[in-house]
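Notes for the one structure printed next.
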Amino acid sequence: MTQREQLDRIVDEGNGYLSCKEAADRGISPQVVSLYAHEKGLVREARGLYRDPGAWEDPLYTFQFRYPKLVFSHETALFLLGLSEGEPVAVSATLATGTGSAALAHDGVRVYKVRSGLFELGLGAAETPFGHPVRCYSRERTLVDLLRSRTTVDQQELLAALKGYARSRRRDTPLLMRYARAFSVDRLLATYLEVLL
21 MTQREQLDRI VDEGNGYLSC KEAADRGISP QVVSLYAHEK GLVREARGLY
71 RDPGAWEDPL YTFQFRYPKL VFSHETALFL LGLSEGEPVA VSATLATGTG
121 SAALAHDGVR VYKVRSGLFE LGLGAAETPF GHPVRCYSRE RTLVDLLRSR
171 TTVDQQELLA ALKGYARSRR RDTPLLMRYA RAFSVDRLLA TYLEVLL
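To convert a position in the sequence shown, counted from 1, into our numbering, add 20.
Okay, structure coming up:
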């Protein structure tokens with residue numbers, strides 16, 4: 021299989037996206053990728069990431085590619101996990117304390133910070149609506165994050181997410197309470213759950 025055929029395959033498997041890292045993992049140099057992108061008319065989404073002009077734009081995947089340390093959280097995580105009705109107005113992401121966030125804020129991302137000891141708690145993955153994998157917090161961690169930020173998030177969305185979780189067969193209440201304890205919102209969560217369960 022030629023390098024161009026391999027690149028065609030990467031674009032097909034990537035739902036229209038081509039990353040230089042993935043090409044390099046297959047032994048294809050950045051120069052060949054750049055030439056291929058130019059010949060095929062690919063759109064440069066970020067440094068090292070190209071998109072076929074016929075493919076749907078995936079802003080969440082592009083954000084994740086540009087800022088690999090971020091984790092989608094709050095309303096964006098609700099959306100990715102299928103716990104909200106619609107797409108969030110603004111992208112919400114969490115970074116470990118000490119990680120620079122000025123560029124993200126400039127891009128319109130709502131940035132939340134958490135100390136590094138709690139940053140990985142509940143870390144998982146989800147798929148964007150366009151089929152690309154991104155880092156995202158679990159359902160339980162997302163609910164705890166929403167409770168912690170209850171003064172800045174939409175109250176109706178918070179209540180709807182808690183109600184949906186309370187009705188879910190896949191709920192893990194002990195895990196939810198453990199996360200709530202770690203973030204010191206366990207009493208508040210218990211109050212909400214008493215009403216909902």
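All residues carry an ideal CB built from backbone N, CA and C; glycine is no exception.
Counted within 10 angstroms of its Cβ, other Cβ atoms place residue i as buried (16 or more) or exposed
i, result
"Ala210", "exposed"
"Phe64", "Phe is not the amino acid found at residue 64; the sequence shown has Arg there. Label assigned to Arg64: exposed."
"Val91", "buried"
"His94", "buried"
Sequence-distant residues of the same chain with beta carbon closer than 7 Å to residue i, five excluded per side
i, result
"Pro153", "Ala145, Glu147"
Three-state class that DSSP yields for residue i in the structure shown
i, result
"Glu42", "helix"
"Glu105", "coil"
"Leu90", "coil"
"Val173", "coil"
"Leu141", "coil"
"Ser112", "strand"
"Arg135", "coil"
"Val53", "helix"
"Val154", "strand"
DSSP bridge partner residues for residue i (one or two, in chain order)
i, result
"Ala66", "Leu69"
Contact set for residue i: own chain, Cβ-Cβ below 6 Å, skip 5 residues either direction
i, result
"Gln84", "Val154"
8 Å CB neighbourhood of residue i in its chain, flanking five on each side removed
i, result
"Leu178", "Leu166, Leu167, Arg170"
"Glu107", "Phe99"
### Message
Check whether the region 117-137 and the region 182-194 are in contact - that is, three or more C-beta pairs closer than 8 Å.
### Response
Contact between the region 117-137 and the region 182-194 is absent, with fewer than three C-beta pairs closer than 8 Å.
### Message
Using 8 Å as the cut-off, can you tell me whether the region 189-207 makes contact with the region 110-119, which would need three or more C-beta pairs spanning the two stretches below that distance?
### Response
no
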